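Report on the structure given below.
In this note's numbering, the protein residues as written are 70 to 274.
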């Protein structure tokens with residue numbers, strides 16, 4: 070009798086685990102709804118997590134810190150558009166900001182730094198239409214320093230063309246739904262070529 074009673078209890082425990090695992094016994098394994106961070110005025114919510122820790126759920130973001138790796142420079146700039154996502158085209162249509170999404174950012178902060186650092190205008194088309202600007206007074210030491218940097222002022226043709234349009238392609242490296250930030254890096258070199266081909270083939274379809 071005892072053995073039959075014991076087996077009945079074990080069977081009930083197995084059935085209850087299978088039936089109510091997601092909402093009962095194993096509730097801690099259930100996930101939260103996705104943030105689906107969109108472009109817009111900054112809106113962030115805090116979420117209490119296990120152990121009393123906090124996550125920052127970004128619902129809307131319009132700016133982020135982006136690094137220009139080859140120059141070792143990081144600037145805060147505006148997010149203008151979402152152009153490509155390898156996982157789902159629906160995320161591009163709805164302008165959802167997720168990790169590894171390819172976006173367009175404002176090039177102004179990087180162009181201003183480039184001009185101040187090298188004394189050269191980024192973007193070849195802009196060079197042809199530049200109006201005469203008032204010369205800023207500089208000491209001889211500063212002039213020599215800027216002149217010594219001009220040899221290193223060459224950037225890739227594809228990146229230079231983007232400076233003329235005022236928009237740069239960048240990749241999101243952070244997780245907006247977890248950290249509440251949209252940070253990333255500017256695409257350059259082979260990686261930029263790869264995504265430009267992807268965008269071109271996408272438009273051809």
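Here a beta-carbon is modelled for each residue, glycine too, at the ideal position from N, C-alpha and C.
Note that the structure is a prediction, hence the values are computed from the model and not measured.
Test item: CB-CB of residue i and residue j under 7 Å
i           : j           : result
residue 184 : residue 190 : yes
residue 147 : residue 129 : no
residue 160 : residue 236 : no
residue 257 : residue 228 : yes
residue 126 : residue 253 : no
residue 152 : residue 181 : no
residue 233 : residue 192 : yes
residue 251 : residue 109 : no
residue 239 : residue 255 : yes
residue 168 : residue 244 : yes
Coil, strand or helix - residue i by DSSP
i           : result
residue 229 : helix
residue 61  : Shown here, the chain extends from 70 to 274; a query on residue 61 therefore has no answer.
residue 101 : coil
residue 127 : strand
residue 115 : strand
residue 164 : coil
residue 195 : Residue confidence for residue 195 is low, a pLDDT of 49 falling below 50, so the modelled location carries little weight; the figure read from the coordinates is stated next. Helix, per DSSP.
residue 248 : helix
residue 270 : helix
7 Å Cβ cutoff, residue i in contact with chain C
i           : result
residue 167 : The question asks about chain C, but that chain is absent: this structure has only one protein chain.
Integer-rounded CB distance, given that residue j should sit under 8 Å from residue i
i           : j           : result
residue 154 : residue 170 : 5 Å
residue 27  : residue 166 : The structure shown does not extend to residue 27, since the chain is modelled only from 70 to 274, so the question has no answer here.
residue 124 : residue 164 : Rounded, the Cβ-Cβ distance is 22 Å, inconsistent with contact.
Residues bridged to residue i (per DSSP)
i           : result
residue 253 : 135, 241
residue 153 : 171
residue 143 : 136
residue 148 : 174
residue 236 : 175
residue 107 : 129, 165
*asked:* Below 8 Å, how does it come out for the segment 116–124 and the segment 138–147: are there three or more Cβ pairs, yes or no?
replied: no
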